[in-house]
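Number of protein chains: 2
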Amino acid sequence: MKKQYLLTPGPTPIPPEVALKEALPILHHRTNEFAAIYKDVAEGLQYVFQTKNEVYTIAGSGTAAMEAAVVNVVSAGDKVIVASCGNFGDRWVKIAQSYGANVVQASVPWGNVVKPAEIEKALKENPDAKAVYTTFTETSTGVVNDIKAIGEIVSKTDAVFIVDAVSGLVGQEFKTDDWNVDIAVSGSQKGLMLAPGLSFITLSEKAWKAVENSKAPKFYLDIKKYKKSYATNETPFTPPVTLIVSLQESLKVIKEKGLENLWSEYKLLAKAARAGMKALGLELFGEIPCEVVTSAKAPEGIGGKIVKTLREKYGVSIAGGQGDLKGKIIRFAHMGFIGKADLLVGFACLEMVLTELGVQIEKGKGVAAAEEALLNG
Amino acid sequence: MKKQYLLTPGPTPIPPEVALKEALPILHHRTNEFAAIYKDVAEGLQYVFQTKNEVYTIAGSGTAAMEAAVVNVVSAGDKVIVASCGNFGDRWVKIAQSYGANVVQASVPWGNVVKPAEIEKALKENPDAKAVYTTFTETSTGVVNDIKAIGEIVSKTDAVFIVDAVSGLVGQEFKTDDWNVDIAVSGSQKGLMLAPGLSFITLSEKAWKAVENSKAPKFYLDIKKYKKSYATNETPFTPPVTLIVSLQESLKVIKEKGLENLWSEYKLLAKAARAGMKALGLELFGEIPCEVVTSAKAPEGIGGKIVKTLREKYGVSIAGGQGDLKGKIIRFAHMGFIGKADLLVGFACLEMVLTELGVQIEKGKGVAAAEEALLNG
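Chains as they are written, first to last, in our numbering: chain D, 23 to 399; chain G, 23 to 399.
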């Protein structure tokens, strides 16, 4: 009997009507019934990715789709540019290097955002680069990169532009086709308001040309297998049917609400979260904050304790820092099925925890500032 | 409003108490609560695999765990022996070849079982073989291989013995450690009575030595990452938390019932299924039938129609043949959460469908023979 409040950047809370679909009896995946669901899901995914291209569903964590975006594009020895600004950007480096790619880094220190001009420079210096990899919203630090600007630059070259939109999709404006993103990947447990276990990938015509030339070894993540099965509304391997049935429901929820409306709501939550942090004297972290998670510097030495106490004493899960930022920042997520009141729960409990840990704050001030922002829109 | 009856070799029906767990609110995966569940699940998996070694959970279809059993063991150019007797055995060949392995086949025609003596011969002729891959229950044809005998042979060599136990685990006696299996893989949607989306792998000490020498590129399926996280009851990537929470419940169901009792029950169901088929004049297919699926030859030209009509008219899902066996056999599965009555539903509807398709049978005869077998134990 411990009530839980999830304010983490994945997994996120999911609507009860979506959760209940997971409990329905198992459907066989080679039936007309399942094919109809899969087709509906595929169309819904095209809407959330804002793409006319096919979106494939892979059973696995978001990292599986990231790896698919490497093994289907590169060959050992290929040059690729990675523009990382945090833990998830660094994952592109690790995956690409695992497959023998020659990685040119156009990365920036954690907390900063990727500089489009640096990517332009890297592309000029490396005209043989096969691909540019970056991250949309980098949740490890809480920043957002200008994918539109980078997409415009990469589109003028032969390189394929590949974006990790795992945490940002649905939570913040993202337009795969309009922004010249050749490959976008995402996962189920963030903005899509679903349990973890599914990952997604979509490829442009330009990306498919790179796929034809890729020689990296692959089987489970061979995207051609997914494309072939997609034509008959199937998956190449047994799909997680219960997750896909509940995905159909969450996509319905998203479509009914409208992507633009969701973007506005998360934007407002982000504004309120930033106001709350500032009112409590917590300095915001990150060059350009994203709209799905808010990072702030923790008072010296107690970053880990804040996260632990919030969870153990009040059932409120937020995230701490990763890598070098461990213990140094706290991260409040506002993605997935989350409302204004959830954010206020987070701030109220944060105020109690800060007080308990001996930080001098004025109780109620963070909540008040967040309320003010929410009221003023 | 169409009632469905699932008699397919995966996904299989799951107990309602297991299904309902999937609908519980999302737990964060980096918490003490989740770690306790993961630990419990890991112990339950050791029980079902009958192993003292660690069992790792990978988010993905069963094929993901199969690929993990290749990329963590072989390097390009390595010689491996594959003993296939069907579609899933052939998958070992495809995966191994995708990673540049030099595959020596000790395979037999579909419907036959792998011959231990052939493997002994192949090992003698290829003393440099790094691994022997085979399948426990080959559901594409309905046979079971003598893993114990093969394990004894391979254990006397330097090769690692790797078994696909995706469909047979829990459904038929399988003992990883006692049978000298170095790597066993499985999936969630068969005997484990769970939705698809999880796959499992366990490795012996001998297998770990091969892992140290493997140079195949990998990231998501890098088993060392799973071993490292396992030490703190975690997974390297966000796990499908709802599936793992429901896995805890299905493992509880299995432990309460007892593996030996489950093996006996499926054995009886298999006996009844074979009796039913024979009574309807359908010749059994496969050299040594397994206990999780029963295959029979379909009357000339109507194999596909039987499967389609059963599904569309009566909501009964069974499986047809794959590959060259397409349209030639029908397969009744008795794995997962399935009772005696489910099997009788299958035979009753099969009798109606055969009659509708013009096959001369005596209605009730298949059901009667199955009842007889079930009553006599």
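For glycine and all other residues, C-beta sits at the position ideal for the given N, C-alpha and C.
- Pairing glycine 342 of chain G with alanine 370 of chain G gives a Cβ-Cβ distance that is not under 9 Å.
- With contacts defined by Cβ atoms closer than 9 Å, glycine 345 of chain G and leucine 214 of chain G do not form a contacting pair.
- Of G:Glu373, G:Arg353, G:Asp150, G:Asp186, the smallest CA-CA separation from glycine 308 of chain G is found for G:Arg353.
- Sixteen is the threshold: when 16 or more other Cβ atoms of the shown chains lie within 10 Å of the Cβ of glutamate 44 of chain D, as they do, the residue is buried.
- Under the criterion of beta carbons closer than 8 Å, glycine 325 of chain G and lysine 350 of chain G qualify as touching, at roughly 5 Å.
- Within the same chain, Cβ atoms closer than 7 Å to the Cβ of isoleucine 310 of chain D are found at Val135, Val165, Val166, the five residues on either side in sequence being excluded.
- An exposed status is given to alanine 139 of chain G, since fewer than 16 other beta-carbon atoms sit within 10 Å of its beta-carbon.
- The DSSP-derived three-state label of arginine 52 of chain D is coil.
- Counted as a single uninterrupted DSSP element, the stretch harbouring aspartate 204 of chain G is not any alpha helix (DSSP H), since DSSP gives it neither H nor E.
- Of the residues G:Glu384, G:Glu39, G:Ala98, the one whose Cα lies closest to the Cα of alanine 238 of chain D is G:Ala98.
- The three-state secondary structure of isoleucine 117 of chain G, taken from DSSP, is helix.
- One alpha carbon belongs to serine 120 of chain G, the other to alanine 392 of chain G, and they sit about 44 Å apart.
- With fewer than 16 other Cβ atoms inside 10 Å of its own Cβ, alanine 363 of chain G counts as exposed.
- Taking tyrosine 155 of chain G as the centre and dropping the five residues before and after it, the same chain places the C-beta of Val104, Trp114, Ile184 closer than 6 Å to its C-beta, in chain order.
- The continuous stretches of beta strand (DSSP E) do not include threonine 377 of chain D, which lies in the alpha helix (DSSP H) extending over residues 362 to 378.
- In this structure, G:Val315 is the residue among G:Val315, G:Thr260, G:Glu234 with its C-alpha nearest to the C-alpha of phenylalanine 158 of chain G.
- Less than 9 Å divides the Cβ of proline 218 of chain G from the Cβ of proline 261 of chain D.
- DSSP, reduced to helix, strand and coil, places glutamate 393 of chain D within a helical segment of the structure shown.
- The shortest C-alpha to C-alpha distance from leucine 291 of chain G to any of G:Glu394, G:Thr257, G:Glu65 is the one to G:Glu394.
- Contact with chain D is absent for lysine 350 of chain G, since none of that chain's Cβ atoms lies less than 9 Å from the residue's Cβ.
- A Cβ-Cβ separation of about 11 Å leaves threonine 224 of chain G out of contact with threonine 79 of chain G under the 8 Å criterion.
- Nearest to glutamate 55 of chain G by alpha-carbon distance, out of G:Leu191, G:Gly386, G:Gln270, G:Val338, is G:Gln270.
- Within the stretch 238 to 252 of chain G, Ala238, Pro239, Lys240, Phe241, Tyr242, Leu243, Asp244 place their CB atoms closer than 9 Å to a CB of chain D, listed in sequence order.
- At a cut-off of 3 residues, the continuous stretches assigned as beta strand (DSSP E) that sit fully inside the stretch 186 to 263 of chain G are 205 to 209, 220 to 225.
- At a Cβ-Cβ threshold of 9 Å, alanine 295 of chain G and threonine 161 of chain G do not count as neighbours.
- For leucine 28 of chain D, the beta-bridge partners assigned by DSSP are D:Ser339.
- Here leucine 220 of chain D is not near alanine 91 of chain D, since their CB atoms are 9 Å or more apart.
- Leucine 67 of chain G does not reach chain D, its nearest Cβ partner there being about 17 Å away, counting only Cβ pairs nearer than 9 Å.
- Taking 7 Å as the Cβ-Cβ cut-off, the stretch 113 to 143 of chain G approaches chain D at Lys116, Ile117, Ser120, Tyr121, Gly122, given in chain order.
- Per the DSSP secondary-structure output, serine 317 of chain G pairs in a beta bridge with G:Arg353.
- Only residues of its own chain outside the window of five on either side were considered, and among them Gln211, Pro218 have a CB closer than 6 Å to the CB of proline 33 of chain D, listed in chain order.
- For alanine 81 of chain G, there is no enclosing alpha helix (DSSP H); the enclosing beta strand (DSSP E) has its first and last residue at 77 to 81.
- Interface criterion not met: the Cβ of lysine 152 of chain G is under 9 Å from no Cβ in chain D.
- Here valine 233 of chain G is near asparagine 94 of chain G, since their CB atoms are less than 9 Å apart.
- A direct Cα-to-Cα measurement between valine 203 of chain D and alanine 41 of chain D gives close to 31 Å.
- Measuring C-alpha to C-alpha distances from glutamate 227 of chain G to each of G:Glu39, G:Tyr248, G:Val182 identifies G:Val182 as the nearest.
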